[in-house]
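Per our numbering, numbering of the sequence shown is gapless, rising by one per residue and ending at 188.
Positions of the beta carbon are idealized from the N, C-alpha and C atoms, including for glycine.
A short worksheet on the structure shown next.
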Amino acid sequence: MSKNIIYDRELSNKTYNGINTILYVEKIVRERVFDSLYWKQYCFGLNEATILDKAMELQVIGSFETSGRPFPFMCLLVKLIQLAPSIEIIQFYLTQDRFKYLKVLALLYVRIVLKDYEILKENLNDYRKLRVFINGQYKLSYIDEVVDNLINDNYFIGLTLTYMDKE
22 MSKNIIYDRE
32 LSNKTYNGIN
42 TILYVEKIVR
52 ERVFDSLYWK
62 QYCFGLNEAT
72 ILDKAMELQV
82 IGSFETSGRP
92 FPFMCLLVKL
102 IQLAPSIEII
112 QFYLTQDRFK
122 YLKVLALLYV
132 RIVLKDYEIL
142 KENLNDYRKL
152 RVFINGQYKL
162 SYIDEVVDNL
172 INDNYFIGLT
182 LTYMDKE
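Structure (structure tokens):
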């Protein structure tokens, strides 16, 4: 194999602001997700519509288990970022009230890729409970707390969040 060949590992064809969307996720996180069994079995062929089926099955928000294996939430987040759906699809994910973990997936997508403060702020009045895996423990949280963390913090469930203007 030639040294000049660039190994394109799951890079998306979609760009946002001229940046390949999958590059918004740190390389180590991408590699661990791409090597996981969940990714290979369930996420490889997903699109904007079929990701809903997998998001309905989510029961916890988390990045990586203590064993280093990624949670399905993290795999679906990476897939959503890779797909780079249109803003209308993201708005649909945010406005539906049935699947709270799908809403959090969309909120995290908004924070990482779109960096839209107004969309996040609109969701501060959702008080539904969530299970979150942080620092090796399951904790109870609420969607408004998650949104507040996305707005004010630089890290969320082990992901580095880039700078966002708060206008």
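Counting every other CB atom within 10 Å of its CB across the protein chains shown gives arginine 132 a total of 16 or more, marking it as buried. Around the C-beta of alanine 70, fewer than 16 other C-beta atoms lie within 10 Å, and the residue is accordingly described as exposed.
The shortest CA-to-CA distance from leucine 98 to any of Tyr163, Tyr184, Asn68 is the one to Asn68. Setting aside the 5 residues that flank it on each side, tyrosine 163 is surrounded in the same chain by Tyr148, Arg149, Lys150, Leu151, each with a C-beta closer than 7 Å to its C-beta; the list follows chain order.
A distance below 7 Å between beta-carbons, with the five flanking residues on each side excluded, links alanine 76 to the following residues of its chain, in chain order: Leu97, Phe120, Tyr122, Leu123, Leu126.
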